[in-house]
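In my numbering, the protein residues as written are 33 to 466.
Beta carbons are placed, not taken as given, at the ideal position from N, Cα and C, and that holds for glycine.
In what follows, a single structure is set out as structure tokens and then discussed.
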Amino acid sequence: MSVTLDTIANLAKKRGFVFPSSEIYGGLRSAYDYGPLGVELLRNVKAEWWRSMVRDRDDIVGLDSAIIQDRQVWAASGHEASFTDPLVECTNCNNRFRPDKLEDAGVCPNCGERDSFTEARQFNLLLKTHLGPVEDEAALAYLRPETAQGIFINYENVRRTMRLKLPFGIAQIGKSFRNEITPGQFVFRTREFEQMEMEYFCRPEEAAEWFAYWLEQRMAWYVDLGMDKDKLRLRAHDEDELSHYSTTTSDVEYQFPWGWDELEGIANRTDFDLRAHTEQSGQDLSYYDQDQDERFFPYVIEPAAGATRTTFAFLIDAYSEEEVRGETRVVLKLDPRLAPVKVAVLPLSKKEELMPDTRAVAGALRSSWQLEVDVTQSIGRRYRRQDEIGTPFCVTVDFDTLDDKAVTVRDRDTMNQDRVAIDQLLAYLRERLP
33 MSVTLDTIAN
43 LAKKRGFVFP
53 SSEIYGGLRS
63 AYDYGPLGVE
73 LLRNVKAEWW
83 RSMVRDRDDI
93 VGLDSAIIQD
103 RQVWAASGHE
113 ASFTDPLVEC
123 TNCNNRFRPD
133 KLEDAGVCPN
143 CGERDSFTEA
153 RQFNLLLKTH
163 LGPVEDEAAL
173 AYLRPETAQG
183 IFINYENVRR
193 TMRLKLPFGI
203 AQIGKSFRNE
213 ITPGQFVFRT
223 REFEQMEMEY
233 FCRPEEAAEW
243 FAYWLEQRMA
253 WYVDLGMDKD
263 KLRLRAHDED
273 ELSHYSTTTS
283 DVEYQFPWGW
293 DELEGIANRT
303 DFDLRAHTEQ
313 SGQDLSYYDQ
323 DQDERFFPYV
333 IEPAAGATRT
343 TFAFLIDAYS
353 EEEVRGETRV
363 VLKLDPRLAP
373 VKVAVLPLSK
383 KEELMPDTRA
393 VAGALRSSWQ
403 LEVDVTQSIG
413 RRYRRQDEIG
423 TPFCVTVDFD
433 TLDDKAVTVR
443 DRDTMNQDRV
453 AIDQLLAYLR
463 ERLP
């Protein structure tokens, strides 16, 4: 089914996934806070990426670098000079827009004025700050616009301490900041966001092979976690789209409510970054191959995904509406690995006589999965709420439980119910949950 951006944004706020940041002061455009369910979903997405990229492999290690780095890092990487977006300005309302995002290049989407745009100008996206008490040029620094440079400047430290040989990768998840002039589409484009990036170092002659490999791997990751493969595609960048460091880039795109847009970029960064940092710092970041007795700069294949953007896409993709006995059921069909709550324990009644078994069941499950105990409203309404937040299983403690020491387990997707003995419940759910 198709879902609107407003539908997802309203659900996200209503159910505690995402809140506008600083909302009590009117909100800060392009900034959002992740609520109790949103933070769990986001953490699960990052955990699955980390598992597939680091934990399940023996050729990739992790890193967590600083958000603020020496200004020379961004001079060497080319960001200080080249990290820009072209923008046009409407002379009638003074709003700025990216030309490639305008549905009609001649009409302002804000005020409707025709042929009112200026020529495109380049605007730098680096977010500036100052270190120390004096805000002068010498104290100028930047909040990192990408996590990749933290990997490049630590490349030799990681290679040496972990005794790595080509090919190998270094992965990182962390906050990045960009002074977006035209943020929008809810959490899709914001000034503060999280990235999941991996730099895969290889011999130059093997770069094309590894580029193709990572295209396939990254597409498969989304599908494995339940994303509709018909709403995913790979799109190669045209020559004029390529970043200053890339010779080849393809995007994993998802069909968002407003159309196809980027989820992740996979780029062949060549040896640009290691060479640039060698020249700027004076530290040799080349690689010595003992077997071949040769020294060279490795090429780098970079899969770079937005954690927040990816979480948003999974939320959209999972949204479904179904007719059940004449009523509309909203359900998030999230893969159980991503679901923010894995099991909900629902006593049929608030009566105290059901509470000992409710607490016992919750206690037995809590150490294995993220759990929610809900005692408010009718059981039907509680089922619907759990469907709406994507909970795979609901466990109902009822008055029969007092006699048979069993509970009713309801499946989110099929709505089928099984009667399961309490002492068998853990094993039952372990067969069905990660």
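- Between Ala-308 and Ser-109 a beta carbon distance of about 6 Å is seen, short of the 8 Å cut, so the two are scored as contacting.
- In the DSSP assignment, Asn-300 falls within the beta strand (DSSP E) that extends over 291–302.
- Between the stretch 227–243 and the stretch 197–206, the count of Cβ pairs shorter than 8 Å is three or higher; the stretches touch.
- Val-362: member of the beta strand (DSSP E) spanning 359–364, first to last residue.
- In this structure, Val-427 is the residue among Val-120, Val-427 and Thr-390 with its C-alpha nearest to the C-alpha of Ala-376.
- The Cβ atoms of Ala-299 and Glu-334 sit closer than 8 Å to each other.
- Counting other Cβ atoms within 10 Å of its Cβ, His-111 reaches 16 or more and is therefore classed as buried.
- Non-local C-beta neighbours of Glu-178 in its own chain, meaning closer than 6 Å and more than five positions away in sequence, comprise Ser-208, ordered along the chain.
- The beta carbons of Ala-41 and Gly-70 sit no closer together than 8 Å.
- In the three-state reduction of the DSSP assignment, Gln-449 falls in the strand class, which pools E and B.
- For Arg-267, the beta-bridge partners assigned by DSSP are Asp-283.
- Three or more Cβ pairs drawn from the stretch 119–132 and the stretch 148–158 lie within less than 8 Å of each other, which places the two stretches in contact.
- Between Gly-164 and Ala-171, the C-beta gap is smaller than 8 Å, which places the two residues in contact.
- With respect to the C-alpha of Gly-216, the residue from Asp-445, Gly-144, Asp-406 and Leu-60 having the closest C-alpha is Leu-60.
- Tyr-66 is positioned such that its CB atom lies no closer than 8 Å to that of Val-77.
- In the three-state scheme derived from DSSP, where H, G and I count as helix and E and B as strand, Pro-424 is classed as coil.
- Residues Ser-84 of the same chain have their beta carbon placed closer than 6 Å to that of Trp-253, with the five preceding and five following residues left out of the count.
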